[in-house]
Structure formats: C-alpha cells, structure tokens
Amino acid sequence: MKFTLSWLREHLDTTADADAIGATLTRIGLELEQITDPGAALGAFRIAEVLEAVPHPNADRLRACTVETGAGVVSVVCGAPNARTGMKAVFAPPGSFIPGTGITLKTGEIRGVVSAGMLLSAREMGLGDDHTGILDLPPEAPVGTPYARWAGLDDPLIEIAVTPNRGDCFSVRGVARDLAAAGLGTLKPWAPASVPPAFAGGPEWRIDWPEACPFVLGRVIRAVRNGPSPDWLARRLTAIGLRPINALVDVTNLFTVGLGRPLHVFDVAKLAGPVLTLRRGAGETFRALNGRDVAVTDQDCVIADAAGVQSLAGIVGGEATGCDATTTEVFVECALFDPVRIALSGRRHQVISDARQRFERGIDAAIMPEALEAATALILQLCGGSPGTVTEAGAAPDRRRQARLRFARLRDLGGADVPAEAAVASLQGLGFAVTARDAAGVTVAVPSWRNDVAQGGGLDQSPDLPPAQAAAAAAGCAEIEPECDLIEEVLRLRGLDTIPPVSLPRAAPVPGPVLTPRQTRAAVTRRMLAAQGLAECVTFSFLDAATAARFGDAPEGLRLANPIASDLDQLRPTPLATLAQAASRNAARGYADLALFELGPAFDAAGQVLVAAGLRTGAAPRHWAGPQAPVDAMAAKADLWAALGALGVPFEALSVTPDAPGFYHPGQSGVVRQGPKTVLGRFGALHPGLLAALDLPGPAAGFELFLDAVADPKRRRRAPPDLPAFQPVRRDFAFVVSRDTPAEAVLRAARGAERTLITGVALFDVFEGGTLAAGERSLGVEVTFQPRERSLTEAELEAAAAKLVAAVAKATGARLR
Amino acid sequence: MTDDLHTLETETAAAIEAAADPRALEAVRVGLLGRNGRLTALLRDLGKTPPEDRRARGAALNALRDRLAAALEARRVTLDEAALTARLAAERIDVTLPPPPRPQGLIHPISRSMEEMAAIFGAMGFAIAEGPDVETDWHNFSALNIPAHHPARDDQDTFYLTAPAGAPPPVLRTHTSPVQVRAMLARGVPLRVIVPGRTYRADHDATHSPMFHQVEGLVIDRDITLGHLKGCLIDFLRAFFAVPDLPVRFRASYFPFTEPSMEVDIGWDRKSGALGQGQDWLEILGSGMVHPRVLANVGIDPREFQGFAFGMGIERVTMLKHGIPDLRPFYDSDIRWLRHYGFNPLAPALLHEAA
C-alpha cells in the first residue's frame, strides 16, 4: 500500500513529518516498507533570477551571469544557450550535490570569471532527460524559495505492508484513522454532501446470487466529457505507481486507494439492455481490462448485460464496456461482494487487482451510499454532466457486532498495566463506540470498517475430540476471541515495547528431559558419524523421479503436483540418493575422495522414517606410511557398526544377510537384521551402474541406518561386570571352509560351543590359495577361554578346543587346517 | 697388601678400563670372579695360607673383591649408557613427518544451531516435539485458523503432493506450526515444546530455498502472558547470539494463528553485520499469543488455558550468528563450504556462547 504524505494529510490533521509517521506505522502493525522523498535530493536548490547574462569575455560558448539567489548576488558561469537576462532559473549553491552528474559543486574560476554555483537543467536535477538548456521557470516563480517545494516535488511517498486482517488499512483514510488513534494527529471529518438527481433512469441492477453480492448501488451520469485527469489527480496516482487513464477511471482508482472503496465505471453506450445482472458465471469468456480473456465458472460472480458477461465482479472489469475518451454517459458501480468468493475467484483466475485486494479482505459496507455521492460530485466536477437517481438491489447486511473487554485481561493476557481510561480511549480513537461500561470492563460496538474484529464464524475442530470437550472449547472461543481482538487493538496502539518482559517461570526446579530416546539416538548417531570422519550434509528431501527410482520406489503419491523444478519433483526414498548427488557435484569440482553423511527423512508409501545415511567415495587420503586404500563395502560397514555400537545395539544379536536392494553391488552389500523382522540398516558398495548414471567416479560405498527401528533403551539395572580372577587363555584355530560359508556362521558356532568358558572369538586372518583347494578359504580365529574356578589344565583346554572344533564343523562343515 | 694382589688389582683395573663393550667386560668379570677366575682361585687357596696369615689375607682378598666388583659395576653402567645412547641415536626418526591422517568429520551448521536451541530452550523447560514433513491440509492450515480462502494461503507457496482423484492432496508442511496442533492433541496442556524441522515452500532464489528449516515454539498454561512471550524470546536471543544486552524490539503484526501477533527485531549494524550494535533493526521471527480458535480447534478451552507461540528460520539465525553470507550453499554439500563452516562434533552444545 502506497500513498503520499499530502494524500494522508487530506485525512489526517498532523504536524508529524514523514519519519515520525513511518516509525508510528511500524510500531502499530502497519509496517513501513520505505519512505521515498523525491524532493530530498533537490533540497539545496532554490529559485533564482538571472539579473544579467553577458557573453563570457574569454569563451565563445559560455555566459557570465549575475544571479540573485535570494541569499545574495553571485557570479555564475553558464554554458546553456538559453541563459538570458531576467529569466527565473534553479540555482545550486557551492557544496550542493548535483544528482544528474554525481558532482559536488565547488566555487571556481572558469577562464578568469568566478563561478559560485550553477544554474540547472532538468537532467542535472535528475528530473528527466531534457538537457537542451537550463530550466526556464515562469516569471512569477518566487526567488529564494526551494524549488522542490514550489514545484510540488517534496511530497514523500510512504509504502507500508498491510497485514491480511487489515482490509480497512488498504485505504489512506484507514491509515489516517490508525495514526490518529495512535496519537499522531486528528482524523479529519468526511461527510460528503448528497448530489440531488437531475432525472430518473439509467441501468437497473438485478441480483441473482445474493450470497456473492448482497448489495449493490449504481448511478448514471449523462453528458460527461471524459478526458485526461487534471494535474493534481494524475500526479497523485502517478506518485503511487498508478497510470492515469482518463478522468472517469482515475476517479475509481482515487476512491479505491483513498477510501478503500473500489468503484467501477461502465460506458452506458456500450451496455446492451437496461439491466445489469449479478449472477454465477456459466462458462462464458470475456476480455478483461488487463487484456486477458477470462473464462468464468459457476463459482465466479459476474456482472452481465443482455449481451453477456461484462465483468468478473469485484476483481476486474471488461474491455468491451470500459470508459474511454468517447464516453458521454457513465454508470458508476458501487457494490458489496463476499470476501471468500472474491478470494477464491481471484486465485482461480490469477488476477491481482486493487479491487480484489480490498474486497477479499472486506470493505466498509456502511459508506457505500456516501461514497457514491462523493464519486458523483467529483465526476461532475471533473467531467460535468447530469446525475440520475441512485439505483440499488439487495440490502446492506446487518454486520453490527459487539465486543466486551474486561480490563483485567489486559494484564492477565497482555501482560500490560493499562489504565481502563486509556484502554477505552484507544478503542474510541479507532471508532469503537462504547455501549456499556462498568468497573470491570467495557462493551463496544465494532465499527463497520473493522471486519476483522469479532467476526465470528465457524471453527474447524479436530473430528476426534469428544463432543463435550469440543463444545466447551468452542463456547470458550466464542467468548474469548472478540476480547482478544480488542486487547490486540489496545496493545498495538500503545506499542508492544511498553509491555515489561517477564522470564518464563520454572515449570520444575530442574527441567525435565529435553530429548526423547529417539531424539537422543539421532544426536548420538550424528556425533559418532562425524567422529568417524564423515562430514554432515543437509540435502533436499526431494529430487528427480528418475534418480529416486534408482534408489527404490518413486510412487505417484510421493510426487509433487507443483514442483518448482523438474529435478525436484519426487520425495526421496533414502537420503543416500541425495548424498550420492552431492558426492557427484563435489567430484565435478575436483573433490572425489569424500566421506559424507546426513540424518533426515526417507519417504515411502507408508510414511516417513528417520535415516542416517553415509557415503564414502574415492579413497582414503594418500599418505607416506602406507598404500592408499580405496573405499569399499567394509568401510561403510565400519561406519554403520560404529553408529550401532554407539547406540548400544548388541552386536551378538545382529545378523547380516546378502539381500540388499539393487542400488547396492549385489555381491558386496548386506542387510543388518536384529531378529527375523527388524531391519536396522543396509550397507555396501554402490552398484557400478548407478555410479555411471550419477556421473559419480567410483568406488563408492554407503550405508543406511534406520533410526526408528532401533529399540528404546530398557530401564533396568545393569548386571554386575564379569571380572574373573584367572588369566584368560588364548588359542588360535584355522578353519578351512568353502568360500560360500559366511564367516559369521563360523564365529557364531565357535562362540556358542562353550557359553561360559569361551568369552571372545575374533577373526584375525582370511586366506585363500596356497595349498587350499579352489573354492576354499581359511579363517584364522583367536578364541579366548576364560577359567573361572581355577586355572585350566592342558587336558581341559584340549577338551574345550575339541568341542569348539566339532561345533564349528557341525555348523559349517569346517575342518581344521 | 701382597704383591700378587697388587698386581692382580692393577691388571684387572686396566682390563676393566680397556673393556669396550659389555661382552669384553663380562670376559674380565669371568676371568676374575668366574669359576676359574683369578680372584676365585685366590679365595679358594686361602685355606692353604698359614693360619697366622689367614685372617689378614682373607680380609685383603675380600676388600679387593669388593673394589673390583664395584669397578666392574661402574664400568657396566658406563657401557650400558653408551650403548643406549648409540641405540637411541640409531633409532631417530624424522619427527616432522606428517602423522597418519585421521580425517575429522563435522556437524552441519543447521544441526549445530538446533542443538544450541535445544540446550537453551531445554534450560527453560521446553521439550522437543516432531511431526511429519508430509502434512494434511487440516494440520498445516485449517486447524491453524487459515481457512481455504485465506490470503495467507496465497502467500505460502505450498507444495502439494499428487493425490488420488477426489482425495484432498497432502502438503509438504509450509511451516513447523502443524506440530503445535499435533503436540497439543497428543500431549495435552500445560505444554512447553520447541519444534525444529524441515519446511517447504515453492520459492527458489538467492534468499529463498524450496526446503529450509524452522523452529517453532509453543507454551500453553493457565497464566502465560504476552510478558512471558517477550521475556522468553529476549532470553533466548541474547543467549543464542551471545550478546547479553542485545536490543530486541516487538512490533505489532498479524498471523492467523496468534493474537495479538508480533514480529521481533534485533538491533544490528546493517553495514558491518555486527549484532547488538548500530542503529538498524533486523526482523528475525514472528510470534504471538496463541489464537483462541487454534486452541478451540484442538479442544482446549481458551477460558482456561492460554499461551504463546513463535517461529523462526534456523538458516537465518545461523547466518547471522556466524556471518554466513549466502543461503544456497547450506544445501549444496560443497565439501569446501562444509569444512569452512562445519562444527567439531565433540564441542558441547551447552556452551553455546563459546561456539
């Protein structure tokens, strides 16, 4: 919302300057976006008279001028061909900044003649392109007066952001009212006189859809002379960025912005038939004033004449019936439309107009008759003509509302100590009329322009609430909401900065747990993965559907209906997908050896789960002490194991199966399971086909840890530690098994052979070739035997070892090497 | 002392002195004190000495043995030291070699900010609530007093998912506020929660990302006032930015789900970016008293309970706190950017002011 200071002053009697007004607007919730003062750059320039202009003694093209500045007579050398004795011009004194040239003036001497200032062209003042000569002012221009003030260029333009609830402040008068209530002046009265009709007749209204348009007024004016608006009106509209069109149209724009009262003008000569009907659209198309064709639906309210749809009501008028220079008979429309239908129609047809902006926020229905009278008077003043009677259809709905404020609530909800008197005065300043008052509170009638206060309307309660609870809450809302509206008004006018801040009282002497077990798991995992050398990333939750499909499912239901770009249209099946893209981007920049991770959502048809995913690409850093190791599936497994270990997952309960999804290398990947159903994670080398598709130089290995699958820790007392008094005995075994036998099977069998005696089993060597048959491998296992009652005898140890070997052989077919 | 003993001592002392390494010294010791050693033989022969001389000779032999043993030991220590010194010299390495790399991982600045927020609000008694990124229209809009026609829906650039014909399409949540609704329904009141999380809006330019992060806050109790809202947010902002006297300004504004509503500005110097200095104000978050309609929509009677809510952009406060100039690299995972702005995973977030 833009307006000039002079426009505001038409409604507000104030001595405040633009800066004070801007600060107040921001404080009371009409946030100042900017103040631009087109005159500010011209402040130093004053009107001057050229007392004498003679040829420069030493230069053919220059003139030596003697100039009366109002503050003394000075000598100025001027190059303009039109500088002449007796002319009025604009003078820039030394020290002033010339916006058109970017130069700060200094007193100087030009070829022997002193020049103490400058006479300015329009271009030098930044007021246009004219540089044919200095500005030639009319003889009556007063010497010594600031040029900007004399030329009306010192009118600051104020731009504010109006919040969606404040339809009334989409008008200069509404802003003025708020400022007056905030103590920045007095609202000037506005009481237009009615214009008696000179004749009866003109178009008639008919309302076929009263829910969309409950009330409409209109008035015909005949014998008008339409043409360009007078200077003051054109300048006012131009200043706020509106293009003057012709007097009739400009009047409607003036009322839209000045009073928040959109009007529309029809050229009666272009209307078919005597009746204008407000009805539902029926699929017709009409050409709107913005040049676009609009196909109206039965959800749109239109204005139609005998020839068809002429206007998308309250949003945009039609080209065919608009007013232009040939218009001699005009019909002024002044209507009330349902805000919700206007909002939905405007959005449906993607038309943003000043009229829509106001109707969808709600206008002041009470000023319709007066506004039409005022518009009639202005049209008569600008275009002449003869007014008809006011025609109308429907009736203004009764929107009278009451609201009650209990003074104590200003403290108990607002935290502010506001004297009752001050609270009432604030409300009255905004136009609320006191209807009852006692010591505890005040009841006020809500002014017609405040559609946002005590507006009522239905709730949208959760369907799962018990009916009694829902009803009580709704009753409470109906009681409290209007009061909250009033509290907000009182507090914002006083300024929220006046409310003393109070630190939150403690809910408990020591705060309760901040994180849930699930959140703790995420925090621990994040730290542990970073401690493994992985860098945390935050990547988008969406990516292109084709890449998503490579990482699992890309169902239709997880596709964006309105993606911002085609490569961001599918919710990701796993963060590993977007991490892989991140690695690919890094590789393209020359950083191919990476270790990245992310904690974030993965989506599937069933919902979303929290996943910690990690990706290593390329190789570990080169180093003098050893060969460079390319990343592999085991590196990813080590990362996953580190995280699982940090989460306290019991490794002995885990098993790994080789059935990871297809984006992993089928022979170098695994699924980590806890029990038959729970999948905790997956890891492996990424499939070479995937790497090629992503332009990711290999090798690459990743993992996914499904944090939601990890069980919450059980609250139970820990068992005491196992601290036997005897030294453990360690023995190495080499088992020969087929290559297909999982090492896990050998280790599990070894470990289970003697539950209490064997406390540790560690694989220290894997060997193939040599004397082993093809398809065989040898697994070197160190077994820890832990005596408990006394030291083991050699015989006991032998027996235990034999039992172990037998158990492993039974489980896996292994033989000792 | 007799001549033979004198000779023995003189010769042995010379031999000890001449022993250049532990083995030579051991040979001297064996030649002197071994089974067939010269001094051993003299001691063995003591019995053959006339009884009247035996006592004196015995004392002399013992004294000689003690002196030579001490000389041997002294020489041994000297030789050991020399040997150790030689070994140490031989074992010298180039200590300026770079050690084996242990690549250092790091925490993303957004995570770091979330941890700091959890720490600060946790100290004020808040718990952390979470909710899904894919939301129903009711949770994201209607329950929050944003009906279908509300102008605010135009402002939010909502992403919709593809829905089967006839069904209302789910949305990607445009703010973390739907979790207010979920928290009130699931936890009841009184309530103190913050909700950090991912949010989505169809906007992509230098200062907008289609995905970003917000933290929502919600306090509901019987006697929570706007004064508490101000106190809580001032306390948080001063702690988070580690500027104890950070100026904080509250301006009336409008949000559908709060009333009264206010925007919160902090003081800063626009030119230098220094927080708490200069004369400029920077809008940093939105807040307000929870709208009675929002309470009623989740079955809370606004005559009994009231409270406040706020929401702020995590990227925005992170950029301000750490002087990060550009939004887009947050999501690009450029390893150079991550290394530059990332955080040590072991730095305690409780010490937010030391970050």
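The listed protein sequences correspond, in order, to chains X and Z. For what it's worth, my numbering labels the leading residue of the first sequence as 4, then goes sequentially. For what it's worth, my numbering labels the leading residue of the second sequence as 2, then goes sequentially. Ideal Cβ placement from N, Cα and C applies to all residues, glycine included. Note that the structure is predicted; figures quoted are calculated from it, not measured.
- Residue pairing by DSSP places Tyr161 (chain Z) opposite Z:Val172 in a beta bridge.
- Sorting X:Asp301, X:Thr288, X:Ala346, X:Leu618 by C-alpha distance to the C-alpha of Gly321 (chain X) places X:Thr288 at the top.
- Following the DSSP letters along the chain, one finds Cys304 (chain X) inside the beta strand (DSSP E) bounded by residues 304-308.
- Distance from the CA atom of Leu11 (chain X) to the CA atom of Ala179 (chain X), rounded to whole angstroms, is 6 Å.
- Contact with chain Z is absent for His352 (chain X), since none of that chain's Cβ atoms lies less than 8 Å from the residue's Cβ.
- For the C-beta of Glu707 (chain X), not a single chain Z residue is nearer than 7 Å; the gap to the nearest is close to 17 Å.
- Here the alpha carbon of Leu138 (chain X) sits roughly 22 Å from the alpha carbon of Ala237 (chain X).
- Residues of the stretch 294-325 of chain Z whose Cβ lies closer than 8 Å to any Cβ of chain X, in chain order: Arg294, Leu296, Ala297, Asn298, Val299, Gly300, Ile301, Asp302, Pro303, Arg304, Glu305, Gln307.
- Non-local C-beta neighbours of Arg509 (chain X) in its own chain, meaning closer than 8 Å and more than five positions away in sequence, are absent.
- Here the C-alpha atom of Leu494 (chain X) lies approximately 15 Å from the C-alpha atom of Ser288 (chain Z).
- Against chain Z, a Cβ distance below 9 Å from Gly684 (chain X) picks out nothing, because the smallest value is about 18 Å.
- Cβ contact annotation for Ser178 (chain Z) (same chain, cutoff 7 Å, sequence separation greater than five): Leu145, Glu217, Phe258, Gly312, in chain order.
- Proximity of chain X to Pro170 (chain Z) at the Cβ level (cut-off 7 Å) is accounted for by Ala564, in chain order.
- Glu264 (chain Z): member of the beta strand (DSSP E) spanning 259-269, first to last residue.
- Between Glu260 (chain Z) and chain X, the shortest Cβ-Cβ separation is below 8 Å.
- Taking a contact as a CB-CB distance under 8 Å, the pair Leu599 (chain X) and Leu537 (chain X) counts as one, their CB atoms being some 6 Å apart.
- Look at the beta carbons and you see the stretch 381-393 of chain X not touching the stretch 451-468 of chain X: under three pairs across the two are nearer than 8 Å.
- Taking a contact to require three or more Cβ pairs closer than 8 Å, the stretch 71-80 of chain X and the stretch 34-46 of chain X do not qualify as touching.
- Shown here, His668 (chain X) sits in a strand according to DSSP, grouped into three states.
- Rounded to the nearest whole angstrom, the CA to CA distance from Pro99 (chain Z) to Ala628 (chain X) is 9 Å.
- Shown in chain order are the members of the stretch 102-117 of chain Z whose Cβ falls below 8 Å from a Cβ of chain X: Pro102, Arg103, Pro104, Gln105, Gly106, Leu107, Ile108, His109, Ile111, Ser112, Glu116.
- Straight through space, the alpha carbons of Ala151 (chain X) and Thr166 (chain X) are spaced by roughly 34 Å.
- Distance check between Gly555 (chain X) and each of X:Phe666, X:Ala777, X:Leu561 places X:Phe666 closest, using alpha-carbon atoms only.
- By the criterion of a C-beta distance shorter than 7 Å, Ala622 (chain X) is surrounded in its chain by Asp596, Gln631, Ala632, Pro633, Val634, once the five residues flanking it on both sides are discounted.
- Linking Pro504 (chain X) to Gly308 (chain Z) through their CA atoms gives a straight-line distance of about 15 Å.
- With a cutoff of 8 Å on beta-carbon distance, Thr446 (chain X) and Arg409 (chain X) are scored as not near each other.
- Judged by DSSP in its simplified three-state form, Tyr201 (chain Z) adopts strand.
- Remark: C-beta atoms of Leu251 (chain X) and Thr330 (chain X) approach each other more closely than 8 Å.
- Between Ala47 (chain X) and the set X:Ile101, X:Arg87, X:Ala119, X:Gly479, the nearest pair of CA atoms involves X:Ile101.
- DSSP lists X:Asp16 as the beta-bridge partner residues of Thr189 (chain X).
- Shown here for Ala568 (chain X): not one same chain residue has a beta carbon closer than 8 Å to its own, the five before and five after excluded.
- In this structure Phe269 (chain X) touches Phe334 (chain X) by the C-beta definition: roughly 4 Å separates them, less than 8 Å.
- One alpha carbon belongs to Ala511 (chain X), the other to Gly126 (chain Z), and they sit about 8 Å apart.
- Considering only X:Gln789, X:Ala338, X:Phe362, the residue with the shortest C-alpha distance to Gly349 (chain X) is X:Phe362.
- Per DSSP, Asp768 (chain X) lies in no alpha helix (DSSP H); the unbroken beta strand (DSSP E) holding it starts and ends at 761-770.
- Put simply, the stretch 213-231 of chain Z does not touch the stretch 459-473 of chain X. Fewer than three CB pairs are less than 8 Å apart.
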